[in-house]
Amino acid sequence: MIKDLCDAIDGVDELIKAKLEGGGVYFEHDIIFDDYCPTNIRMQDRKNKDKGQCSGYSETVISAFIQLLETFKNNGDEQNFKSNKLAQYAILLLSYKINQHPNVNSGISDIYSLIREYKYWNNNYHKYIEQIKNLMNMDTKDTSKFYNILKLLCDIYTEFDEDNRNCTTCLEKAKEFVKKFEDLNEDPSITGNNSYSQILYYLSTDYNSFKSDCDGKCNNCNDIPPLPNIKIAQNSEQDHSEGFVEIYEATSSNSSIASKLIPALLIFSIPVLFGIAYKTIFKRKTKKNKEENESLYMIQRVVIIPGTLIIIDIS
């Protein structure tokens, strides 16, 4: 699951861009994210039968967040949905991506308030709104730290190749991950916060799964450093079981099996949804399916200048 999620995160990051240019802010996004936008093509509140079109940068990022979670949910990843792991990882992406906008400095509470403004989101995706509400106490600078370590974890999974027994690059990434994890683990403001500690737990579980999978498959796997147990600050109000605190390198056999039995549909749907090899997305317009591909990969360029909104379709 984590490898597919990382591919999806990279896809969202690549397909939504914002930058200052001249007298305004320019952002580009793939029209696939319009499917979950709360407004229609007339920029009015969307009804269930309306075709969606996002009216702004933040709305586009939130739509990508919903689309990511809906895709994984529909492809049978119920275990991670019940644990809120996917939602928490996706919220880290949501916070990071919204704050990439040059003129935006939004905390989780600001994002929550924005989502609540739209009836379409409230009526159709209330469960995701509640998951965001549960993390409203997270500070923007802290979510940035967690997102950076999540990206490191994704880099580790990307660099790890079962066909390549030389894991030098992923080893260096693993050492960097452990160092950043230790820094967070030594911070009482992190370990004393239930939400933060839970994310640390999920990150450690996925790291240990990588370490377990790597054992015996590469030349320098024995050098991959272990993670420390998650600390709990004395003033913490943790309500989790002991298993939440004690993190062991070994993973259960059930978890190992489950991680390898990702439905084939998931493997194909994630790349299709987020652009199929997002790094070469604009090179995929083949003559054979020219009309279909141009429709799929059409990009909207939105020019935002004070008092003006211009939307230009470019292919």
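Using our numbering, the first residue of the sequence shown is number 2, and each one after it goes up by one. Here a beta-carbon is modelled for each residue, glycine too, at the ideal position from N, C-alpha and C.
Asked                                                                                                                                     : Found
Range of the contiguous alpha helix (DSSP H) that encloses TYR1                                                                           : Residue 1 lies beyond the residue range present for the chain, which begins at 2 and ends at 316; the question has no answer from this structure.
Residues near LYS174 in its chain [Cβ-Cβ closer than 7 angstroms; skip 5 each side]                                                       : LEU153, ASP156, ILE157, GLU160
Cβ-Cβ separation, ILE233 to LEU201 (assumed contact under 8 angstroms), whole Å                                                           : Not really, about 11 angstroms apart at Cβ, beyond 8 angstroms.
Simplified DSSP assignment, three categories, for LEU21                                                                                   : strand
Closer than 7 angstroms to chain C by CB, GLU183                                                                                          : Of the protein chains in the structure, only one exists, and it is not chain C.
Beta-carbon spacing of SER24, ASP36 below 7 angstroms                                                                                     : Inspection of the sequence shows that residue 24 is occupied by Gly rather than by Ser. Contact: no.
Contiguous alpha helix (DSSP H) assignments of at least 4 residues, all confined to the region 160–217                                    : 169–186, 189–192, 195–215
Pair within 7 angstroms by beta-carbon distance, ALA91 and VAL13                                                                          : no
Alpha carbon of GLU29 to alpha carbon of LEU6, nearest angstrom                                                                           : 22 angstroms
Residue of LEU136, LYS218, ASN209 minimising C-alpha distance to ILE3                                                                     : ASN209
Distance, ILE112 Cα to ASN186 Cα                                                                                                          : 27 angstroms
Backbone CA spacing between LEU94 and ILE63 [nearest angstrom]                                                                            : 10 angstroms
The region 118–137 in contact with the region 41–59 per 3-pair CB rule at 8 angstroms                                                     : yes
Contact under 7 angstroms by Cβ, MET137 with SER196                                                                                       : no
For TYR27, the three-state DSSP class (helix, strand or coil)                                                                             : strand
Bridge partners - THR40, DSSP secondary structure assignment                                                                              : ASP46
Beta bridge counterpart(s) of GLY53 as assigned by DSSP                                                                                   : ASN41
For GLU118, three-class secondary structure by DSSP                                                                                       : coil
Own chain residues within Cβ distance below 7 angstroms of LYS18, not counting five before or after                                       : PHE28, GLU29
Contacts around LYS181, its chain only, beta-carbon distance under 8 angstroms, and the 5 residues preceding and following it disregarded : LYS146, ASN149, ILE150, LEU153
Assumed close pair ASN100, THR141 - CB separation to whole angstroms, cut-off 8 angstroms                                                 : 6 angstroms
Member of ILE33, LYS74, ASN75 whose CA lies at the smallest distance from the CA of CYS55                                                 : ILE33
Anticipated Cβ contact below 8 angstroms, GLU183 with PRO229, distance rounded                                                            : 6 angstroms
Other residues of its chain near ASP216: CB distance less than 6 angstroms, five sequence neighbours each side excluded                   : CYS222
Exposed unless 16 or more other CB atoms sit within 10 angstroms - verdict on LYS20                                                       : exposed
When ASP188, LEU16, LEU87, LYS212 are compared against LYS98, the one with the closest alpha-carbon                                       : LEU16
Boundaries (first-last residue) of the alpha helix (DSSP H) holding VAL62                                                                 : 58–75
Three-way DSSP call (helix, strand, coil) for GLY12 in this model                                                                         : helix
Short Cβ contact (7 angstroms threshold) for SER96 with THR170                                                                            : no
Spatially closest choice to ASP8 from ILE133, ASP51, THR72, by CA coordinates                                                             : THR72
Burial state of ASP207, where buried means 16 or more other Cβ atoms lie within 10 Å                                                      : buried
Inter-residue spacing [alpha-carbon to alpha-carbon] between CYS219 and CYS168                                                            : 6 angstroms
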